[in-house]
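Everything on this sheet refers to the single structure shown next.
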Amino acid sequence: MSDAISVLIADDHPIFRKGLSEVIAGAQDLRVVAEAASGTRALELIRSLKPAVAVLDFHMPQGSGLDVARAIQAEGLPTVPVFLTMYKDEQTFDTAVATGVRGYVVKDSALTEIVDCIRAVAAGGTYITPAISGILMKRGAPASSKQVSPFDQLSPTERRVVRLIAQYKTSKQIAEELRIHPRTVDNHRTNAASKLGLQGSHALLRYAVEHKAELE
């Protein structure tokens with residue numbers, strides 16, 4: 015558990031916060047290190063504990079999640095903020111992104127999405143709830159589409175590995191083609207899956223095949 019991803023949860027609704035904490039604690043690679051019911055308390059705990067990820071309710075007393083995210087950004091704290099909100103509009107999302115938020119989850123689906131979200135942002139990627147990503151895709155602006163493209167979070171080598179996975183090549187075959195060790199390929203596969211928010215032994219293969227054109 016020493017290498018588990020440390021998480022702080024900040025939400026002023028105790029029942030929802032407890033449910034969220036139980037879901038996160040149920041994942042072996044995640045560890046809830048603190049909980050807070052206000053923005054002020056959340057920031058105090060983030061400053062002292064420096065958790066890897068802070069799950070922040072958009073609206074809280076004594077400082078909103080937005081205020082906390084801005085403070086994290088201004089102070090250069092290592093914690094990655096994730097937003098929990100009821101809002102599904104572009105304006106709220108754009109405001110969140112401007113404060114350094116890399117994870118955006120609506121409360122309606124938080125209990126089923128939060129673990130994947132935390133894993134993705136902790137690995138250096140982004141996670142946008144499907145309820146929001148669908149709206150963003152309709153904007154039609156090339157810059158916006160690139161901004162939220164999951165493949166932008168992959169390293170060049172990870173992209174090459176995923177591209178070869180889309181060709182149904184095994185780790186051994188990919189290792190031979192890239193002239194690297196098969197275990198290194200497996201590490202790239204694991205990192206790519208984490209950044210893309212994927213779980214399951216065949217999830218990356220399915221995703222790679224479905225999005226093959228985007229990898230070219």
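Residue numbers for the sequence shown follow this note's numbering, beginning at 15 and rising by one. Virtual Cβ for every residue (Gly too), placed ideally from N, Cα, C.
C-beta contact flag for residue i and residue j at 9 angstroms
i, j, result
"F97", "G79", "yes"
"I132", "I60", "no"
"D130", "Q213", "yes"
"V175", "R203", "yes"
"A189", "K226", "no"
"L34", "I146", "no"
"G53", "G77", "yes"
Cβ distance (whole Å) where residue i is taken to contact residue j below 8 angstroms
i, j, result
"G117", "A83", "Rounded, the Cβ-Cβ distance is 11 angstroms, inconsistent with contact."
"A68", "L22", "5 angstroms"
"D25", "M100", "Between M100 and D25 the Cβ distance is about 12 angstroms, and since that is not below 8 angstroms, they are no contact."
"V111", "T143", "Actually they are not in contact, since the Cβ atoms of V111 and T143 sit about 13 angstroms apart, beyond 8 angstroms."
"L44", "A18", "6 angstroms"
"A48", "V94", "About 15 angstroms separates the two Cβ atoms, so there is no contact after all."
Coarse secondary structure for residue i, derived from DSSP in three states
i, result
"Y221", "helix"
"H95", "Going by the sequence as given, residue 95 is Pro instead of His. In this structure, P95 counts as strand in the three-state DSSP scheme."
"A85", "helix"
"G117", "strand"
"L22", "strand"
"D108", "helix"
"I142", "strand"
"D17", "coil"
"D130", "helix"
"P170", "helix"
"P75", "coil"
"K226", "helix"
"D200", "helix"
For residue j and residue i, the rounded distance between their alpha carbons
i, j, result
"R177", "A206", "11 angstroms"
"R233", "A137", "Absent from the model: residue 233. The displayed extent of the chain is 15 to 230, so no value can be given."
"L210", "R55", "31 angstroms"
"L57", "A124", "22 angstroms"
"T198", "L91", "31 angstroms"
"A217", "N201", "15 angstroms"
"V46", "D71", "16 angstroms"
"T109", "T140", "15 angstroms"
"K183", "E224", "15 angstroms"
"L63", "R173", "34 angstroms"
"P196", "A134", "23 angstroms"
"F30", "K186", "45 angstroms"
Boundaries (first-last residue) of the beta strand (DSSP E) holding residue i
i, result
"R45", "L44 to A50"
"D71", "V67 to D71"
Element boundaries [alpha helix (DSSP H), containing residue i]
i, result
"L192", "S185 to L192"
"L212", "It is not in any alpha helix (DSSP H) - L212 carries neither H nor E in the DSSP assignment."
"S35", "P28 to A39"
"A56", "G53 to L63"
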